Amino acid sequence: MPEERIKQSAAETANDVRSRRISAVEVAEETLAHVGAVEGRLGSYLTVLPDLARAHAMHVDQRVASGEDLPLAGVPLAVKDNMCLETTRTTCGSKILEHWIAPYTATAVARLLEAGAVPIGKTNCDEFAMGSSCENSALGVTRNPYDPDRVPGGSSGGSAAAVAAYEAAIGLGSDTGGSIREPGAFCNLVGFKPTYGRVSRYGLVAFASSLDQIGPLTRTVEDAALTYDAMAGYDAMDATSIARPVEPTAAALREDLRGLRIGIVREFDSKALGDDLDGIYRAAYGDLERLGAQLVEVSLPTADYGVPTYYLIAPAEASSNLARFDGVRYGLRVEAADVRTMYDKTRAAGFGPEVKRRILIGTHALSSGYYDAYYVRAQKARTLIAGDFDRAFARCDLIACPATSCPAFRFAAKSDPYSMYLMDYYTIPMSLAGLPALSVPCGWSTPEGGNFPMPIGLQLCAPLFAERLLLGAAHAYERATQHALARAPLLEGVQA
Amino acid sequence: MPAQSIDIRYVAKLARIELTDEEIEIFGKQLGDLLGHVNALEKLDIASVPATAQVVESRNVTREDTPRPCLDRERVLAEAPQRQGGFFRVPRIIAE
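Here the protein sequences come in this chain order: F and V.
Counting from 1, one number per residue, gives the positions in the first sequence under the numbering used here.
Counting from 1, one number per residue, gives the positions in the second sequence under the numbering used here.
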């Protein structure tokens with residue numbers, strides 16, 4: 001029953017391939033056939049890799065036959081197109097890298113392949129991961145599988161749509177201010193950002209280096225844990241990766257929350273989100289309590305400054321990181337008589353409007369005369385925000401709060417840049433503090449004027465390095481509530 | 001904090017991006033608006049707060065200065081917009 005098999009979790013597929021009930025090649029063929037059937041409606045992938053998928057699947061079958069125990073044997077993997085996979089195009093959703101072929105493989109991707117995952121393709125994203133809807137991609141449109149008139153979220157929206165629509169079991173994303181958690185919430189998935197430095201950034205095209213972190217988008221918490229366990233840990237190729245042993249999280253999944261104190265953030269009162277979402281979040285907090293957790297009120301008094309702080313720090317780092325795209329060594333070049341004009345014209349033609357805006361604001365914030373007023377002030381605000389979390393975690397083990405302020409919105413609904421920036425209001429503070437956080441499905445809400453109920457995400461956040469606790473608790477909540485199962489994605493019959 | 005205006009032409013020159021007149025107008029307005037929002041940070045009392053560049057433990061990473069394998073030169077140069085022999089080729093930088 002291929003129809004049922006593509007809906008299997010990564011854990012189930014890996015079990016079946018390991019026990020040779022099915023081959024990795026069969027899984028890959030079924031997945032590729034399904035991608036072929038639904039992709040025209042969704043646009044999750046910028047590049048589908050049938051030949052590479054088949055080659056990897058054959059290799060996995062050989063390894064299984066020779067007795068290797070692969071935790072992700074044959075699991076279909078979708079990789080956000082800002083991560084390098086040797087011999088494949090890595091575009092970052094940008095014209096400036098539209099035809100660039102990666103000469104090496106990112107560590108996180110390499111570790112998943114080593115664990116037996118099979119790469120199905122590279123997924124769409126906001127250009128250089130700058131955005132919250134995938135609408136900033138210069139190379140394609142991705143639709144939400146639960147309503148094709150709505151965005152999948154972003155920037156890891158292609159990976160989210162792919163996993164929600166069973167075009168892969170694991171989607172790799174990167175999260176700088178919410179780019180895994182928000183599309184996870186919008187597409188009814190678990191979207192998990194580990195502690196900063198837990199997963200190597202080697203081979204992830206840099207956006208804001210003090211914030212970027214790779215993580216999984218999956219249909220179950222267990223799959224997120226398996227993925228994290230396979231890719232986390234020190235990498236000599238990333239100087240900011242943390243040299244600290246990784247305790248496996250898949251062995252720490254809980255069935256209840258007894259003995260845990262969960263902080264509810266006073267400043268994130270869900271009343272501000274309207275009756276519908278308020279009801280959903282109150283019910284979610286109630287479920288946490290029923291599972292045995294003790295709810296305590298905590299305060300993050302400076303969290304409200306997260307968005308302005310982020311929109312100085314992230315663009316400043318981006319303006320520096322994206323200086324490398326100059327038409328000299330790789331990517332697009334617009335020819336000109338002198339090198340200065342070549343730079344100016346290459347970057348004008350290669351970058352889209354959002355990337356230009358961020359480079360400009362970052363350049364301004366770092367420029368002489370403004371550096372202290374903007375960049376240093378933002379770094380000090382970052383200290384205050386991180387301090388808020390330290391104080392909150394003295395009173396609780398985990399924090400629960402909304403993942404987003406609304407369900408997935410319609411295309412072109414956030415044409416004013418700042419209104420799009422506010423989409424990351426609830427996810428940015430954790431990013432600034434480097435904390436591990438995830439979104440997990442917590443209910444359904446039909447937006448005003450919408451045709452379908454859309455998924456809503458609960459965000460859980462833990463202290464630095466407490467991934468075991470975070471995933472363990474999310475698992476208990478997921479098992480007890482099963483919100484993710486309430487509605488299937490629209491894969492037939494509904495056209496945009 | 002400084003006034004919420006931004007000299008787009010100057011910043012674009014620093015950032016090496018050629019902008020059209022239309023972009024200068026639109027970005028000028030949008031970025032002025034953003035600066036208005038980030039000026040909210042003025043309300044924070046940060047006089048005695050240290051700056052945070054990175055939240056998680058970090059240290060300098062050093063290694064012996066010895067050669068080790070790296071990406072193959074041909075493979076890297078294959079991605080160059082223009083090459084000449086073992087080099088990236090660019091337009092003339094120094095006038096004759």
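Every residue, glycine too, gets a C-beta built ideally from N, C-alpha and C.
Because the structure is a prediction, the values reported are computed rather than measured.
**Message:** Looking at the strands, I want to know which residues DSSP matches up with Gln-62/F.
**Reply:** Answer by DSSP bridge pairing: none, since Gln-62/F is not bridged.
**Prompt:** For Gln-459/F, which of helix, strand or coil comes out of DSSP?
**Reply:** strand
**Which listed residue (Ser-367/F, Leu-312/F, Ala-110/F, Thr-383/F) has its alpha carbon closest to that of Met-237/F** = Ala-110/F
**Message:** Between Glu-22/V and chain F, is the shortest Cβ-Cβ distance under 8 Å, so that the two count as touching?
**Reply:** no
**Asked** Out of curiosity, what's the CA-to-CA distance linking Arg-201/F and Ala-129/F?
**Response** 14 Å
**Asked** Are any of the Cβ atoms in chain A nearer than 8 Å to that of Phe-88/V?
**Response** Reference to chain A is not applicable here, since the protein chains of this structure are F and V.
**Request:** Could you name the residues of chain V that Gly-327/F contacts, counting a contact when the two beta carbons are closer than 7 Å?
**Result:** Pro-81
**Request:** Compare the C-alpha of Leu-113/F against each of Val-79/F, Val-246/F, Ser-133/F and name the closest.
**Result:** Val-79/F
**Request:** Assuming Ser-445/F and Tyr-426/F form a contact by the criterion Cβ under 8 Å, report the distance between their Cβ atoms to the nearest whole angstrom.
**Result:** Contact flag wrong, Cβ pair sits at about 16 Å.
**Message:** Taking CB distances under 8 Å as the criterion, tell me whether Val-376/F reaches chain V.
**Reply:** yes
**Per DSSP, the bridge partner or partners of Pro-384/F** = Sequence check: residue 384/F is Leu here, not Pro. Beta-bridge pairing links Leu-384/F to no other residue.
**Integer Cβ distance of Ser-44/F from Ala-161/F, believed to fall under 8 Å** = 4 Å
**Asked** Should Arg-377/F go down as buried or exposed, given a rule of 16 or more other Cβ atoms within 10 Å for buried?
**Response** buried
**Request:** Tell me whether the beta-carbon of Ile-120/F lies closer than 8 Å to the beta-carbon of Leu-70/F.
**Result:** no
**Asked** Buried or exposed: Ile-262/F, going by 16 or more other Cβ atoms within 10 Å of its Cβ?
**Response** buried
**Boundaries of the alpha helix (DSSP H) in which Arg-92/V is found, first to last residue** = Looking at the DSSP string, Arg-92/V is not in any alpha helix (DSSP H), and its letter there is neither H nor E.
**Request:** Can you have a look at Gln-495/F and say buried or exposed, based on whether 16 or more other CB atoms are within 10 angstroms of its CB?
**Result:** At Gln-495/F, the pLDDT of 39 sits below 50, so the modelled position is not reliable; the number obtained from the coordinates is stated separately. Classification for Gln-495/F: exposed.
**Prompt:** Can you tell me the Cα-Cα spacing of Phe-351/F and Ser-94/F, whole angstroms?
**Reply:** 7 Å
**Message:** Nearest by alpha-carbon distance to Arg-89/V: which of Ala-293/F, Val-296/F, Arg-329/F is it?
**Reply:** Arg-329/F
**Message:** Determine, for Ser-5/V, whether the minimum Cβ-Cβ distance to residues of chain F falls below 8 Å.
**Reply:** no
**Request:** Tell me whether the beta-carbon of Glu-127/F lies closer than 8 Å to the beta-carbon of Thr-105/F.
**Result:** no
**Item:** Cutoff 8 Å: Leu-291/F Cβ touching any chain V Cβ
**Value:** no
**Asked** When the distance is taken between beta carbons, is Ala-102/F closer than 8 Å to Thr-88/F?
**Response** yes
**Request:** Assign Tyr-371/F to one of two classes, buried (16 or more other C-beta atoms within 10 Å of its C-beta) or exposed (fewer than that).
**Result:** exposed
**Message:** Alpha carbons only, please: which of Glu-222/F, Arg-382/F, Cys-84/F is nearest the one belonging to Glu-467/F?
**Reply:** Glu-222/F
**Prompt:** Applying the criterion that 16 or more other CB atoms from any shown protein chain within 10 Å of the CB defines a buried residue, is Gly-369/F buried or exposed?
**Reply:** exposed
**Asked** Are Met-420/F and Ser-132/F touching if we call contact CB-CB under 8 Å?
**Response** yes
**Asked** Going along chain V in order, which residues have a C-beta closer than 7 Å to the C-beta of Tyr-343/F?
**Response** Arg-16
**Item:** Member of Ala-251/F, Phe-207/F, Glu-267/F, Cys-84/F whose CA lies at the smallest distance from the CA of Ala-314/F
**Value:** Phe-207/F
**Message:** Among Arg-20/F, Val-35/F, Arg-18/F, whose alpha-carbon lies nearest the alpha-carbon of Lys-7/F?
**Reply:** Val-35/F
**Request:** Kindly indicate which three-state DSSP category Asp-147/F falls into: helix, strand or coil?
**Result:** strand
**Prompt:** With 16 as the cutoff for other CB atoms within 10 Å, does Lys-380/F come out buried or exposed?
**Reply:** buried
**Request:** Please confirm if Ser-210/F has its CB atom under 8 Å from at least one CB of chain V.
**Result:** yes
**Asked** Where DSSP assigns a beta bridge to Val-79/F, which residues make up the other side?
**Response** Lys-122/F, Leu-172/F
**Request:** Tell me, please, whether the CB atom of Glu-64/V is closer than 8 Å to any CB atom in chain F?
**Result:** no
**Asked** For the ligand ZN, is there a heavy atom less than 7 Å away from the beta-carbon of Asp-229/F?
**Response** With respect to small molecules bound, the structure shown includes none, and the ligand ZN cannot be examined in it.
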